[in-house]
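Input: a single structure, listed below in structure tokens.
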Amino acid sequence: MKILVLLAHPDKNSFNHAIAQTVVDQLELSGHKVFFHDLYEEGFDPLLPAEEIPSEAKLPPEIDSHCWELALAEGIVIVHPNWWGQPPAILKGWVDRVVRPEVAYRFLEGDGGEGVPVGLLKAQTAVVLNTSNTPGHREDEVFGDPLDILWRECIFGLCGVEFFHRRMFRVVCTSTEEERRGWLTEIKQLVKSAFNE
1 MKILVLLAHP DKNSFNHAIA QTVVDQLELS GHKVFFHDLY EEGFDPLLPA
51 EEIPSEAKLP PEIDSHCWEL ALAEGIVIVH PNWWGQPPAI LKGWVDRVVR
101 PEVAYRFLEG DGGEGVPVGL LKAQTAVVLN TSNTPGHRED EVFGDPLDIL
151 WRECIFGLCG VEFFHRRMFR VVCTSTEEER RGWLTEIKQL VKSAFNE
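Set out below in structure tokens:
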């Protein structure tokens, strides 16, 4: 399978980087072709210019390449921290610029954009791996887990991805090396299971 893996964390020593490396290593070990992007390392520009908004817009080569990989992907893995209940801005900008009409979704004829679009993504499975320093009970009771709604409903559900798996690792700032090793072992199994190994 062709799997798109996105990492959005600026610190190369972060646990997010360890997660992403574990994901890529496991996918390659299982024989999958991986499209991997460390958005900060690549200096991805998250700003959506007005001229890119129309579905027929001519895109810059780097955005066109991201769109091509997203369209080809048979699976998607996204790794990022929970910052204010949201992904980092660089990842939100990737969604704005790459999860585009006629790449990820299409409005039916006669629909001016007010309806529910048809999902176009080939990927049937998406995995989102998050880190947080917020305890789970507070996330659920106070904030309502906005990341789950964002990825499950607003993005992947809308774009036709049928199977969605999300795992939040917490509390990272006080975690031990042993806990982190355990989490990375869990990630290997989750990736194998999600992509039918």
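Position 189 (the sequence shown) corresponds to 189 in the UniProt record's numbering; numbering is contiguous.
Just so it is clear, CB atoms sit at the ideal spot from N, CA and C, and this is done for glycine as well.
Keep in mind the model is a prediction, meaning the values are calculated, not measured.
Item                                                                                            : Value
Sufficient close CB pairs (3 or more, under 8 Å) joining the region 16-28 to the region 181-189 : yes
D45 versus R97, V77, G182, residue with shortest Cα-Cα distance                                 : R97
Alpha carbon of C173 to alpha carbon of S14, nearest angstrom                                   : 10 Å
Selected residue, minimal CA-CA separation from S84, among S132, G182, L120, A104               : The question names Ser, but residue 84 in the sequence shown is Trp. It is S132.
Three-way DSSP call (helix, strand, coil) for H165 in this model                                : strand
Contact check, P101 vs P117, beta carbons under 9 Å                                             : yes
Distance, W183 Cα to V171 Cα                                                                    : 12 Å
Coarse secondary structure for V98, derived from DSSP in three states                           : helix
Q21 in three-state terms, based on DSSP                                                         : helix
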